[in-house]
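Going by the UniProt record's numbering, the residue at position 79 of the sequence shown is 79; the numbering climbs one at a time, nothing skipped.
What follows is a short report on a single structure.
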Amino acid sequence: MTALKEENPDLYAKQFSRFVKAGIEPTSFEALYKAAHAAIRADPSLSPKKTDAPKPKRWNKVKLARSSRKNRVQQRKTAFLKTIQAGDAE
1 MTALKEENPD
11 LYAKQFSRFV
21 KAGIEPTSFE
31 ALYKAAHAAI
41 RADPSLSPKK
51 TDAPKPKRWN
61 KVKLARSSRK
71 NRVQQRKTAF
81 LKTIQAGDAE
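Spelled out as structure tokens, the structure:
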């Protein structure tokens with residue numbers, strides 16, 4: 001990382017843009033790794049990651065119960081009959 005920074009600064013900026021944004025320099029890596037290893041040695045147990053369960057995607061509609069379907073058909077029939085009767089009344 002240090003050699004690339006000295007040889008080609010443009011390529012360094014492209015390759016390590018996330019490190020540059022975070023303010024991490026090539027010289028600070030050693031301290032970073034030492035701190036991480038010290039934390040692991042202090043508590044080597046694996047800590048569980050907090051992950052949210054993914055929401056399942058449903059492309060098909062949920063099936064209705066028979067009574068719900070009958071009710072829906074009955075409502076459509078009455079609405080259709082009302083429109084027909086309104087047309088005859090005019």
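Even for Gly, the Cβ is constructed at its ideal location relative to N, Cα and C.
Burial is judged here by how many other beta carbons sit within 10 angstroms of a residue's own beta carbon; Tyr33 has fewer than 16 and is exposed. Excluding five sequence positions before and after Val20, the CB atoms of its chain that fall closer than 7 Å to its own CB belong to Ala13, given in chain order. For Pro9, the uninterrupted alpha helix (DSSP H) run begins and ends at Pro9 to Gln15, by DSSP.
If you keep only unbroken alpha helix (DSSP H) runs of at least 4 residues inside the UniProt region "Disordered" (43-90), you get 66-89.
Taking Met1 as the centre and dropping the five residues before and after it, the same chain places the C-beta of Pro26 closer than 6 Å to its C-beta, in chain order. In this structure, the CA atom of Glu30 is about 24 Å from the CA atom of Asp10.
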